[in-house]
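Undergrad: Next up is a structure, given as structure tokens.
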């Protein structure tokens, strides 16, 4: 009894086309990420937000002379804050869509204590109701990547 021999059709594809599809796929994915980062802060996915927070830490680190250990623990703090939905609104995080960077996180305070350890926390708002008069709001503390030169009263007197 003779069996029929199966014939395998070999499919040969040129190598050049495979590379071009990989490049086009990579361009498509990179374009998707670029568009995703240009969305408002509250529309960006969690993973991309974490990347922006790392970039914010790198931008702020020279102002506060942060070590690598400080940066890691500060990132952990911001990550927990994000998970606890403290960084979900546009009112808290000032995000520039054009530069794709965080400018300011409102309510965030970073200070060094007497032992030269870096401490950070969100300022707690205590609302006191007073009858009658409205007082001028004090500016809420925030950490920013924008460096402004503080003017002192001494400089103002010298100008006059």
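Numbering (the working numbering), first residue to last: 344 to 503.
Glycine included, every Cβ here is placed at the ideal spot set by N, Cα and C.
By how many angstroms is the C-alpha of residue 431 removed from the C-alpha of residue 406?
TA: Start at 1 with the first residue of the chain shown, and residue 406 comes out as number 63. Start at 1 with the first residue of the chain shown, and residue 431 comes out as number 88. Straight-line Cα distance between these residues: approximately 25 angstroms.
Undergrad: Answer with buried or exposed for residue 467, where buried requires no fewer than 16 other C-beta atoms within 10 angstroms of its C-beta.
TA: The sequence position of residue 467 within the chain shown is 124, counting from 1. So residue 467 counts as exposed.
Undergrad: Can you give me the start and stop residues for the alpha helix (DSSP H) that residue 452 sits inside?
TA: The count along the chain shown starts at 1 and reaches residue 452 at position 109. No alpha helix (DSSP H) holds residue 452; the beta strand (DSSP E) holding it covers 451 to 455.
Undergrad: Hey, how far is the Cα of residue 470 from the Cα of residue 399?
TA: Translated into the one-based positions of the chain shown, residue 470 becomes position 127. Translated into the one-based positions of the chain shown, residue 399 becomes position 56. Because residue 470 sits at a pLDDT of 47, beneath the cut-off of 50, its placement in the model cannot be relied upon, and the following sentence gives the value as read from the coordinates. Answer to the nearest angstrom: the Cα atoms are 30 angstroms apart.
Undergrad: Between residue 413 and the rest of its own chain, which residues show a CB-CB distance below 7 angstroms, the 5 nearest in sequence each way excluded?
TA: Residue mapping note: residue 413 aligns to position 70 of the chain shown, counting from 1. Closer than 7 angstroms at Cβ, skipping near neighbours: 461.
Undergrad: Going along the chain, which residues of its own chain have a beta-carbon closer than 7 angstroms to the beta-carbon of residue 397, five neighbours each way excluded?
TA: Translated into positions along the chain shown, residue 397 becomes position 54. Counting only Cβ-Cβ distances below 7 angstroms, and skipping sequence neighbours, we find 418.
Undergrad: Please go through the same chain and pick out, in chain order, the residues whose beta-carbon is closer than 8 angstroms to the beta-carbon of residue 446, but skip the five residues on each side of it.
TA: To locate residue 446, count along the chain shown from 1; it is residue 103. The residues are 437, 438, 439, 487, 488 and 489.
Undergrad: At the level of alpha carbons, what is the spacing between residue 479 and residue 367?
TA: In the chain shown, the residue the question calls residue 479 occupies position 136. In the chain shown, the residue the question calls residue 367 occupies position 24. Near 56 angstroms, if we compare the C-alpha coordinates of residue 367 and residue 479.
Undergrad: How many Å lie between residue 485 and residue 416 at the Cα?
TA: Looking up residue 485 in the chain shown gives position 142. Looking up residue 416 in the chain shown gives position 73. Distance between the alpha carbons of residue 485 and residue 416 is about 19 angstroms.
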